[in-house]
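Working notes, structure below.
Residue numbers (UniProt numbering): 1 to 76.
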């Protein structure tokens with residue numbers, strides 16, 4: 001339990017010290033050192049991703065504030 005709380009605190013610190021508000025999936029995975037499976041699980045449990053259409057395709061981003069809120073509410 002203590003280890004989980006320490007992990008949450010460390011992840012939240014990483015999120016709050018970076019400059020960019022919106023993260024691409026790859027950036028999020030690199031910053032928090034998580035894999036595809038974890039990210040998909042978080043999405044299935046309610047982590048919101050933002051779709052931004054471009055000329056050729058849709059790009060997905062995650063809002064740093066949404067990530068922090070999700071992690072606090074779900075104890076990740």
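The beta carbon of each residue, even a glycine, is placed where N, CA and C say it ideally should be.
Everything numeric in this text was worked out from a predicted model, so none of it was measured.
Unbroken beta strand (DSSP E) runs of no fewer than 3 residues, entirely contained in the segment 29 to 75, are found at 50 to 53, 58 to 63, following chain order. The residues 70, in chain order, have a CB closer than 6 Å to that of residue 47 in the same chain once the five nearest residues on each side in sequence are set aside.
For residue 35 and residue 67, the gap between their C-alpha atoms comes out near 15 Å.
Counting only residues of its own chain and dropping the five nearest sequence neighbours on each side, residue 52 has a CB closer than 8 Å to the CB of 58, 59, 60, 61.
Beta-bridge annotation (DSSP): residue 23 is paired with 62.
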